[in-house]
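K.L.:
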Amino acid sequence: MARRKASATPATRRKPRARSAPKTRRAAKPRRRQPAREEASGLVWIAGGISIGLLVAAIVWLASIEKPHPAPRAKTAPAPPLPASRPPRPHRDASTASGTPIEPPKVEHKYDFYDLLPKQRVEVPDDQYRGKDKRQPLLLPETRPRSASVPASGRFILQAGSFRRAKDANRRRAQLAMMGVESHIEKVRVNDGAWHRVKIGPFKSLDEANRLRTRLASEKIQTMLVNVGK
């Protein structure tokens, strides 16, 4: 029994303790490397945090910089309006450039009575007016009433108005010319001034004078029948 115990003790002593030691040493090596990895990961986080902080600080700094304002423009007073320039006269410029005068374009008259009036106008001397006034009383619608009866024989004229102004008499004469009626203007001097009478005729018969008188009345032109004798 003692031998067995002795043999047993050596057997127990012969257990490979030394072999187990290397195993423990091999297992301890990776445990020593873990702190280095943790330090590396910690440095990465620190570097990332610093870079993020710098980026945020740069953005804030750029935002805080004031943009330069443009210099205010000096207000200029509005220019005074230019006077209206007269339109150029082409006829004068063309004549001076070429040395030969250029005739202006002819304006066509809308009515033909402008040409008829100068041809139909008859000038009568004042002596003839006065002679007629002595033989025949002045028949002015402004001062004298119409005669009650007119003799059927003799020569007759129609007086289409008596005007103080010559342009009013010319206007009535132009109105008659547009209707195809020939007339003339007689200037008569009365006590209150000069009058311009528009007369038509003479007519050889009373019927002819009355027909024209009726036609003019339809155009709202009042006339007065005057007998001038034979």
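For the sequence shown, our numbering begins at 590 and goes up steadily by one.
Ideal Cβ positions, reconstructed from N, Cα and C, are used throughout, including at glycine.
#1: Given a threshold of 16 other Cβ atoms within 10 Å of its Cβ, counted over all protein chains shown, does Q748 qualify as buried or as exposed?
#2: With DSSP run on the structure shown, which of helix, strand or coil describes G790?
#3: Taking 8 Å as the threshold, find out whether the segment 753-761 comes into contact with the segment 788-807 through three or more Cβ pairs.
#4: For the alpha helix (DSSP H) containing K776, list its first residue and its last residue.
#5: When you compare only the Cα positions, how much space is there between V815 and L795?
#6: Who are V744's beta bridge partners in DSSP?
#7: Check whether the Cβ atoms of A783 and F745 lie closer than 7 Å to each other.
#8: Roughly how far, in whole angstroms, is the beta-carbon of T812 from the beta-carbon of R802, given that I think they are within contact range, below 8 Å?
#9: Taking 7 Å as the threshold (C-beta atoms), are S772 and R762 in contact?
#10: Nearest by alpha-carbon distance to R778: which of G637, V633 and S751 is it?
#11: Quick one: Cα of A652 to Cα of A646, how far?
P.N.:
From the atom records:
#1: By 1-based counting over the sequence shown, the position of residue 748 is 159. Flag for Q748 reads buried.
#2: On the sequence shown, residue 790 is found 201 positions in, with the first residue counted as 1. In the structure shown, G790 sits in a strand (DSSP, three-state: E or B).
#3: Taking a contact to require three or more Cβ pairs closer than 8 Å, the segment 753-761 and the segment 788-807 do not qualify as touching.
#4: On the sequence shown, residue 776 is found 187 positions in, with the first residue counted as 1. Going by DSSP, K776 is part of no alpha helix (DSSP H) but of the beta strand (DSSP E) stretching over H773 to V779.
#5: Position 226 of the sequence shown holds residue 815. Position 206 of the sequence shown holds residue 795. Cα to Cα, the separation comes out at about 10 Å.
#6: Position 155 of the sequence shown, counted from the start, is the residue given in the question as residue 744. Correcting the residue identity first, residue 744 is Arg in this sequence and not Val. For R744, which the question treats as bridged, DSSP gives the partners G818.
#7: Translated into the one-based positions of the sequence shown, residue 783 becomes position 194. Translated into the one-based positions of the sequence shown, residue 745 becomes position 156. It is not a contact, given that the beta carbons lie outside the stated cut-off.
#8: Position 223 of the sequence shown, counted from the start, is the residue given in the question as residue 812. Position 213 of the sequence shown, counted from the start, is the residue given in the question as residue 802. Right, the Cβ-Cβ distance comes to about 5 Å (below 8 Å), so this counts as a contact.
#9: By one-based count along the sequence shown, residue 762 stands at place 173. By one-based count along the sequence shown, residue 772 stands at place 183. For R762 and S772, yes; Cβs fall inside 7 Å.
#10: Here residue 778 corresponds to residue number 189 of the sequence shown, with the count starting at 1. Answer by Cα proximity: S751.
#11: Along the sequence shown, one-based indexing puts residue 652 at 63. Along the sequence shown, one-based indexing puts residue 646 at 57. Going by the C-alpha atoms only, they are around 10 Å apart.
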